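K.L.:
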Amino acid sequence: MLFNKPNQINMKNLQYYLFIAGSCLLTAFTTLDKTAVPFQDEDRTFVKAAAEGGLLEVKLGELAMKNGSSKAVKDYGKMMINDHSKVNKELMSLARKKQMEVPTTLSPEKQQKYDSLAAVKDNTFDMVYMNMMILSHEQTIGIFQNESSAGTDADLKKWAESKVPALKHHLEMAESLFQTANKK
């Protein structure tokens with residue numbers, strides 16, 4: 001019996017009902033947490049890093065087309081503009097569906113990289129640019145592989161994994177062009 005006397009609650013029953021109520025709330029909050037946050041900080045970090053990296057690749061590609069001394073480096077720059085512009089649009093679309101914010105400008109760190117390459121005006125531009133492309137693509141491949149294996153959002157994981165082969169191809173081309181530029 002819940003009440004021993006009118007307006008009195010049996011302590012044993014009260015503890016039982018409080019336990020049940022607490023368990024229900026805990027279950028509700030746990031379920032709510034899983035459904036209200038479909039992606040984690042790792043996914044947000046990936047989107048931000050991928051967007052900033054893609055923006056930088058496009059801007060550096062534009063510099064390469066303008067300041068590169070060899071046709072191969074200028075062509076590589078054009079490829080970076082085309083490929084990374086396409087990937088950037090895909091990422092923006094995917095992030096928009098996930099209601100995630102995507103940076104549209106370079107971070108101070110990325111802007112500093114751009115500025116340092118923009119300052120190179122002599123015949124070392126090709127070598128400096130290709131070295132930047134090697135380092136950038138090595139880092140980007142790591143970021144994309146990490147998302148594809150450790151991300152929490154299935155769509156982002158699949159998308160990141162699908163971009164790794166092209167990024168590896170960009171890296172191989174950059175390494176080859178760096179060797180050529182370094183021989184000059």
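If you count by full-length UniProt numbering, then the sequence shown holds residues 1 to 184, one letter each, in order.
Glycine is no exception: its CB is placed at the ideal position from the N, C-alpha and C atoms.
Just so you know, these numbers come straight off a predicted model, no measurement behind them.
Is the beta carbon of residue 186 less than 8 Å from the beta carbon of Y114?
P.N.:
Past the edges of the chain, shown from 1 to 184, lies residue 186, and the structure says nothing about it.
K.L.:
Run through DSSP, which three-state label would D33 get?
P.N.:
Residue mapping note: residue 33 aligns to position 33 of the sequence shown, counting from 1. Residue placement at D33 is poorly supported in this model, since its pLDDT is 40, which falls under 50; the coordinates still yield a value, given next. If DSSP states are grouped into helix, strand and coil, D33 belongs with the helices.
K.L.:
What separation, rounded to the nearest whole angstrom, lies between the Cα atoms of A95 and E52?
P.N.:
Position 95 of the sequence shown, counted from the start, is the residue given in the question as residue 95. Position 52 of the sequence shown, counted from the start, is the residue given in the question as residue 52. Cα to Cα, the separation comes out at about 13 Å.
K.L.:
Would DSSP call Q99 helix, strand or coil?
P.N.:
Translated into the one-based positions of the sequence shown, residue 99 becomes position 99. Coil at Q99, not helix or strand.
K.L.:
Let me know the secondary structure DSSP gives Q40 once reduced to three states.
P.N.:
Looking up residue 40 in the sequence shown gives position 40. In the structure shown, Q40 sits in coil (DSSP, three-state: anything other than H, G, I, E or B).
K.L.:
What is the C-beta distance between T152 and E42, in whole angstroms, given that I count them as a contact (C-beta under 8 Å)?
P.N.:
Counting from one through the sequence shown, the residue named residue 152 turns up at place 152. Counting from one through the sequence shown, the residue named residue 42 turns up at place 42. Correct: roughly 6 Å between the Cβ atoms.
K.L.:
If we count the other Cβ atoms within 10 Å of its Cβ and call it buried at 16 or more, is S176 buried or exposed?
P.N.:
The residue you call residue 176 lines up with position 176 of the sequence shown. By the neighbour-count rule (16 or more Cβ atoms within 10 Å), S176 is not buried but exposed.
K.L.:
Indicate whether E147 and A160 have their beta-carbon atoms separated by less than 8 Å.
P.N.:
Counting from 1 along the sequence shown, the entry for residue 147 is found at position 147. Counting from 1 along the sequence shown, the entry for residue 160 is found at position 160. Taking 8 Å as the Cβ cut-off, E147 and A160 qualify as a contacting pair.
K.L.:
Considering only residues of the same chain and omitting the five flanking positions on each side of H170, which have a CB-CB separation below 6 Å?
P.N.:
Sequence index remark: in the sequence shown, residue 170 carries index 170 (1-based). Correct list, in chain order: H137.
K.L.:
Let me know if T104 comes out buried or exposed under the rule of 16 or more other beta-carbons within 10 Å of its beta-carbon.
P.N.:
Along the sequence shown, read from residue 1 onward, the residue named residue 104 stands at position 104. Classification for T104: exposed.
K.L.:
Report buried or exposed for V37, applying the criterion of at least 16 other Cβ atoms within 10 angstroms of its Cβ.
P.N.:
Numbered from 1 along the sequence shown, position 37 holds the residue referred to as residue 37. Only weak support is given to the placement of V37: the predicted model assigns it a pLDDT of 44, under 50, and the value that follows is read from those uncertain coordinates. It is exposed - the Cβ of V37 has fewer than 16 other Cβ atoms within 10 Å.
K.L.:
Leaving out the 5 sequence neighbours to the left and right, which residues in its chain are closer than 8 Å to L106 when beta-carbon positions are compared?
P.N.:
What you label residue 106 is simply residue 106 of the sequence shown in a count that begins at 1. For L106, where only same-chain residues beyond five positions count, the Cβ hits under 8 Å are E52, L55, L56, K59 and Y114.
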